[in-house]
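Engineer: So that we are looking at the same thing, I have put the structure below in structure tokens.
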Amino acid sequence: MSEKGVKAMAAKSNDLNKPELTDALKKDEDTLTENYFAVSVLRDFILPDLLDKDTVELLYWAGKNLSRQLILDMESLPELFSKAGFGNLEITKQSPSSYTYKLSGPEVVQRFDTNNDDPEFSLETGIIAETVEKTIAAYCLGTYTVNSKAKSVSIKIQIDRN
Numbered sequence: 001m002s003e004k005g006v007k008a009m010a011a012k013s014n015d016l017n018k019p020e021l022t023d024a025l026k027k028d029e030d031t032l033t034e035n036y037f038a039v040s041v042l043r044d045f046i047l048p049d050l051l052d053k054d055t056v057e058l059l060y061w062a063g064k065n066l067s068r069q070l071i072l073d074m075e076s077l078p079e080l081f082s083k084a085g086f087g088n089l090e091i092t093k094q095s096p097s098s099y100t101y102k103l104s105g106p107e108v109v110q111r112f113d114t115n116n117d118d119p120e121f122s123l124e125t126g127i128i129a130e131t132v133e134k135t136i137a138a139y140c141l142g143t144y145t146v147n148s149k150a151k152s153v154s155i156k157i158q159i160d161r162n
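Taken in order, the sequence shown gives residues 1 to 162; the numbers are from full-length UniProt numbering.
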């Protein structure tokens with residue numbers, strides 16, 4: 001992307017009362033994955049403009065569909081999240097009725113900084129929900145909770161074994 005294109009995108013982000021993306025990227029550029037910039041531009045700027053009020057729901061279902069296409073299993077999720085520039089994913093709690101994951105790392109911190117402490121993680125939640133569903137062969141529904149103070153995300157996958 002040309003410098004002019006980056007500046008235009010940063011100007012757009014100012015229109016939305018968001019910090020300039022170029023300044024935010026400079027802050028942690030050594031610790032962010034190479035894929036972060038492309039993922040951030042699509043997820044945090046382009047798709048919300050296109051999808052408007054349906055962003056959360058459509059990205060959740062897009063995440064589920066992406067998981068189906070990638071033929072993932074639960075063990076491959078942390079590597080996928082790292083390579084895709086989503087952040088560090090780890091399972092923190094497991095019970096017969098749910099799994100809880102923590103998403104953290106410099107990519108996640110950057111999303112909090114870029115989105116005024118109100119980022120959405122429905123794409124990631126959809127990917128995890130569908131992957132768990134395929135792995136355990138039971139219907140799953142994912143939800144997420146952001147922790148603005150810690151700049152991390154808790155993703156809970158509820159399992160319906162009926």
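Every residue, glycine too, gets a C-beta built ideally from N, C-alpha and C. No experiment lies behind these values; they were computed from the predicted model shown.
Report all residues from its chain with a CB closer than 7 angstroms to the CB of Val132; omit the five preceding and five following residues, and keep chain order.
Structural biologist: Sequence-distant partners of Val132 (beyond 5 residues in either direction) whose C-beta falls short of 7 angstroms from its own C-beta, in its chain, are Met74, Tyr99, Cys140, Ile157.
Engineer: Compute the distance between the beta-carbons of Gly87 and Glu130, then report whether it is under 8 angstroms.
Structural biologist: no
Engineer: Which two residues bound the contiguous beta strand (DSSP E) that contains Lys64?
Structural biologist: Lys64 -> not in any beta strand (DSSP E); alpha helix (DSSP H) instead, spanning 55-70.
Engineer: Assuming Leu103 is part of the beta strand (DSSP E), what are its boundary residues?
Structural biologist: 98-104
Engineer: Taking DSSP as the reference, what is the three-state secondary structure of Lys134?
Structural biologist: helix
Engineer: Out of curiosity, what's the CA-to-CA distance linking Gly85 and Val39?
Structural biologist: One C-alpha to the other measures close to 7 angstroms.
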